[in-house]
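In our numbering, the protein residues as written are 41 to 517. We treat Cβ as the ideally placed atom computed from N, Cα and C, and that holds for glycine. Computed from a predicted model, the values in this text were never measured in an experiment. Read the structure below first, then the notes.
Following this line, the structure appears as structure tokens:
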């Protein structure tokens, strides 16, 4: 016990010299691995996470000089490479969130052969999303896992030699270093180089834990875009802009060929279930567009847009200002395309404009008056690249999504009860957004995930006990 107390006294925590906001590019020099062997009190019990107690620290030179925490227990806070590498649609990265890792199987169903297990905190590249026969969301992935190829020396093992982490398709394996000496009065780092080998894993994983097993929670989550990216429409017919991520949501605009869009997020649709569509979210609540055409193969591989770079107007230290300005730009584009808005539309537009001006009143670069006319504010109709000499086609908007709300969150009444006041009968948390079809009738009683599980398990409708023929996603118009 005295030796442990002495070790704690020898470890000195440095002063905080600054903070790094999401999207900041840093330059690393060295990476250190600190391993705490006292995290698992029960030595007989094997830890769920093999990297539990491992903290990786990165020494940086820019934009500040110091040290930052790179990962804790295998969960990374920093990714290698430039921000533009994380915005390419062909390299869509997801992160393993389950401490037990992600089980990779050879086929779509859970009865297929187990290929490997991807450790907690690893990055995987997702190429396809689909729903299997059990109603579970399955992801086709590609990952590179780095493991040790030989053992450390006995002396290094006693010191607590560095543990190798997991890599990804776009990042290289870092060097591992030894942890603090356990029996020394001086806190020192001893670098120990470990040979590693990188293995490619291809297969299918689940997006979330199987509720039928009594467990809930995500297995993997999509890595958000670190910075907004710019895409140019390449399809001759242009791109349809819809209010929500689903293709059945309302169309709110159209982007012609050559138009440049600013993208801040990406997500898969829930339909069609055999080939979910990769969708991109426009900045400022401007809607969603698809990456490829929703058509049978081979037309499904036709790209609608291409990436041209990241948005140079985005400053990680002024992220809120960027998004506020993009919201005002979307409202301006909407106003330009409405000739005679009705009273309800004028009231909604005025309310949104007042809210946005109040949000931006504390920002020095926005000086809108509450009584000023929003149409007097000039915004570029499109945020194209600075060096572009050719005119950029204008974006047409026939409507605009409600700020901060998706189609599934809008309270619309059906009969005498509202959708928002009625949670799913099964999980009691999500909204009822699925119809259980039996014959020529149907019941809106569950969320989409629970409804699919009922059908996959062979259960009957929880309302009328009729056999389930089909599950469809419900939209309120």
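Item                                                                                                                                                                                : Value
Specify whether the region 173-188 and the region 241-251 touch according to this definition: at least 3 beta carbon pairs, one from each stretch, less than 8 Å apart.             : yes
Can you name the start and end residues of the alpha helix (DSSP H) that residue 490 belongs to?                                                                                    : 488-497
Does the region 129-136 touch the region 349-357, meaning 3 or more C-beta pairs lie closer than 8 Å?                                                                               : no
Residue 308 lies in the alpha helix (DSSP H); which residues open and close that run?                                                                                               : That residue, residue 308, is in no alpha helix (DSSP H); its beta strand (DSSP E) goes 300-308.
Grab me the residues of residue 150's own chain with a C-beta within less than 6 Å of its C-beta, minus the 5 sequence neighbours each way, in chain order.                         : none
Looking only at its own chain, which residues have a Cβ that is under 6 Å from the Cβ of residue 320, when we skip the five neighbours before and after it?                         : 303, 306, 329
Of all Cβ atoms in chain B, is any one closer than 8 Å to the Cβ of residue 99?                                                                                                     : Given the protein chain composition of this structure (a single chain), no chain B is represented.
Out of 287, 162, 133, 478, which has the shortest C-alpha to C-alpha gap to residue 141?                                                                                            : 162
Residue 208: buried (16+ other C-beta within 10 angstroms of its C-beta) or exposed?                                                                                                : Because the pLDDT of residue 208 is 36, which lies under 50, any placement of that residue in the model is unreliable, and the question is left without a value.
For residue 156, which option in 184, 133, 172 has the closest C-alpha, if you only look at C-alpha atoms?                                                                          : 184
Pick helix, strand or coil for residue 471, following the three-state DSSP scheme.                                                                                                  : strand
For my contact list, residue 62 and residue 266 are in at a C-beta cut-off of 8 Å; report their separation, rounded to the angstrom.                                                : 6 Å
Whole-angstrom Cβ separation of residue 260 and residue 164, contact assumed at under 8 Å?                                                                                          : 7 Å
In angstroms with no decimal places, state the Cα-to-Cα distance between residue 278 and residue 361.                                                                               : 29 Å
To the nearest angstrom, how far is it from the Cα of residue 114 to the Cα of residue 495?                                                                                         : 37 Å
Decide if residue 205 is buried, meaning its Cβ has at least 16 other Cβ atoms within 10 Å, or exposed.                                                                             : In this prediction, residue 205 scores a pLDDT of 35, lower than 50, which makes its location untrustworthy; the coordinate-derived value is nonetheless stated afterwards. Under this definition residue 205 is a buried residue.
When you compare the CB positions of residue 274 and residue 343, do they come within less than 8 Å of one another, or not?                                                         : yes
Count the other CB atoms within 10 Å of the CB of residue 282; is the residue buried (16 or more) or exposed (fewer)?                                                               : buried
Considering only residues of the same chain and omitting the five flanking positions on each side of residue 243, which have a CB-CB separation below 6 Å?                          : 144, 145, 146, 155
Considering only C-alpha positions, which residue in the set 92, 104, 122, 285 is nearest to residue 111?                                                                           : 92
Kindly indicate which three-state DSSP category residue 99 falls into: helix, strand or coil?                                                                                       : strand
Taking all protein chains shown into account, do 16 or more other C-beta atoms lie within 10 angstroms of the C-beta of residue 238, making it buried, or fewer, making it exposed? : exposed
With which residues is residue 170 paired in a DSSP beta bridge?                                                                                                                    : 178
Residue 513 and residue 286 - do their beta-carbons sit closer together than 8 Å?                                                                                                   : yes
Does the Cβ of residue 314 have 16 or more other Cβ atoms within 10 Å, making it buried, or fewer, making it exposed?                                                               : exposed
Could you give the DSSP three-state label for residue 353: helix, strand or coil?                                                                                                   : coil
Applying the criterion that 16 or more other CB atoms from any shown protein chain within 10 Å of the CB defines a buried residue, is residue 240 buried or exposed?                : exposed
Would you list the residues sitting across from residue 271 in a DSSP beta bridge?                                                                                                  : 301, 347
Is residue 350 near the ligand GTP, going by C-beta to nearest heavy atom under 7 Å?                                                                                                : By its list of ligands, the structure shown contains no ligand whatsoever, and the ligand GTP lies outside what it can speak to.
Do you know how far the Cα of residue 324 is from the Cα of residue 364?                                                                                                            : 7 Å
Which same chain residues, not among the five before or five after residue 172, have their C-beta less than 7 Å away from its C-beta?                                               : 148, 149, 178
Taking the continuous alpha helix (DSSP H) assigned at residue 366, which residues delimit it?                                                                                      : 359-376
For residue 245, I'd like the list of residues in its chain whose CB is within less than 8 Å of its CB, leaving aside the five on either flank, ordered along the chain.            : 142, 143, 144, 145, 158, 164, 178, 179, 181, 259, 260
Per the DSSP calculation, residue 144 is bridged to which residue(s)?                                                                                                               : 156
So, residue 97 versus residue 60, is the Cβ gap smaller than 8 Å?                                                                                                                   : no
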